[in-house]
Amino acid sequence: MNTDNWQTGLKLLHTPLWPLTRLCLMLYLASPYETWEGLLKALPEGLETDEVIYETPARRLTAIKWPAPWYDTLKHGQNTQGLHQVVLNERNEPLNVFSAVLCLMKQHVMQTELETINSLFCSSMDCSLCCEGPKAAAVQEFFEIPLQPEELSLFKLKAIETPFRGDFDPYSADTFQIDGKPFYLLPPAVYHWRHGYSLILTKGALCPHLSANKRCNIYEKRPDVCKRPQIFAYVIEQQPDRSDILMERNTLLAITDCPYVRLLEKELERYAVLNEVTLLLKPNKA
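Residue numbers for the sequence shown follow the working numbering, beginning at 265 and rising by one.
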């Protein structure tokens with residue numbers, strides 16, 4: 265295990281950014297500072313919330329980038345140009361603009377932070393679970409890695425179009441077949457199905473970019489989903505086929521297949537409490 269990366273990841277997990285961000289947003293809204301940067305310059309070298317002490321808070325917050333109109337909306341309640349999405353609560357009611365911006369900010373902060381935390385823990389474990397199809401004895405036949413359209417060029421695999429969209433059962437009688445075989449019994453391929461494109465890894469298959477020493481050959485350019493294994497922020501969730509509609513979830517999803525998730529269950533519970541989200545532990549492969 266790479267103990268340096270592990271300890272750095274633990275320190276970040278113990279000092280989550282959202283409570284600090286929320287505190288500083290309150291100071292910003294109540295202060296005479298016209299800009300967020302002005303407030304950050306005035307912060308002390310150490311800042312304490314109810315449960316966490318933050319060293320160099322300004323430096324940590326400067327690393328988080330988000331659209332400037334979000335600040336204006338919170339501070340002055342008039343600039344909504346940067347808000348192109350509707351955020352719904354669990355009753356399918358639209359949140360007011362102020363609450364919607366806070367949800368967007370919280371998702372952005374936690375997602376950005378967890379990309380770093382996941383990378384640190386992944387590199388500590390010498391694990392390639394996310395880059396492999398199910399084991400031979402597994403119940404499920406394939407593992408799905410969702411891709412954005414612009415990420416298809418990372419794989420020298422032709423995207424196969426299918427007639428299947430939405431939440432259909434891939435194991436049903438009308439499952440997609442090629443030459444009489446269900447797609448999940450074929451070599452790895454990219455399919456356009458359900459809600460977009462996905463790399464499908466069948467049992468025993470490996471991602472084409474996984475090297476012999478279990479390292480990613482395109483790590484710096486890897487797909488977005490690969491930057492967030494196996495702890496995900498679901499403060500808001502984009503609705504299928506509707507990029508303009510988001511649903512408030514306030515959930516932290518952690519995949520229990522992952523060895524570091526199993527080791528960090530107590531730490532993740534505390535991280536969820538500090539961020540005021542619900543921790544959901546679930547397996548991804550059965």
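Just so you know, even glycine gets a beta-carbon here, dropped at the ideal spot from N, CA and C.
Item: Where the alpha helix (DSSP H) containing Phe419 begins and where it ends; Value: Run containing Phe419: none; DSSP gives neither H nor E here.
Item: Rounded C-alpha distance that separates Ile328 from Gly397; Value: 34 Å
Item: Inter-residue Cα distance where the pair is Tyr483 and Cys490; Value: 9 Å
Item: Closer than 7 Å: Glu414 CB and nearest the ligand FMN heavy atom; Value: Of the ligands one can find in the structure shown there are none, so the ligand FMN has no counterpart to examine.
Item: Simplified DSSP state of Leu291, which is helix, strand or coil; Value: helix
Item: Reference Gly460; option with closest CA among Arg479, Gln412 and Cys367; Value: Gln412
Item: 8 Å contact criterion, which Arg429 and Arg458 should meet: CB distance rounded; Value: 7 Å
Item: For Glu533 and Tyr318, the rounded distance between their alpha carbons; Value: 20 Å
Item: Close beta carbons around Leu307, own chain, < 6 Å, minus the five adjacent residues each side; Value: Pro321 and Ala322
Item: Length at least 3, wholly inside the stretch 301-338: the beta strand (DSSP E) runs in chain order; Value: 310-312 and 317-319
Item: Check whether Leu552 and Leu284 have beta carbons under 8 Å apart; Value: Any property of residue 552 remains undetermined from this structure, which presents the chain solely from 265 to 550.
Item: Nearest candidate by alpha-carbon position, reference Val361, set Arg355, Val499, Gln371 and Gln349; Value: Gln349
Item: For Phe419 and Leu465, believed in contact at Cβ under 8 Å, the rounded distance; Value: Not a contact, Cβ separation roughly 12 Å.
Item: Three-pair Cβ contact test at 8 Å for the stretch 442-453 versus the stretch 373-380; Value: no
Item: Inter-residue Cα distance where the pair is Thr299 and Gln271; Value: 34 Å
Item: Rounded separation between Ala518 and Ile495 - CA only; Value: 4 Å
Item: Distance, Glu501 Cα to Leu303 Cα; Value: 30 Å
Item: According to DSSP, residues forming a beta bridge with His456; Value: Glu425 and Tyr461
Item: Inter-residue CB distance, Cys394 and Pro523 (contact presumed, cutoff 8 Å); Value: That pair is no contact at about 11 Å.
Item: Candidates Thr267, Leu544 and Pro504: closest to Ser387 by CA position; Value: Thr267
Item: For Thr542: DSSP bridge partner residues; Value: Thr515
Item: Span separating the alpha-carbon of Met369 from that of Leu545; Value: 24 Å
Item: Option nearest Lys422 by Cα separation, candidates Tyr455, Cys288, Leu528 and Val351; Value: Tyr455
Item: Contact under 8 Å by Cβ, Leu276 with Ile381; Value: yes
Item: Sheet register partners of Ala497 (DSSP bridge); Value: Leu516
Item: Continuous alpha helix (DSSP H) stretch holding Val525: start and end; Value: Pro523 to Leu527
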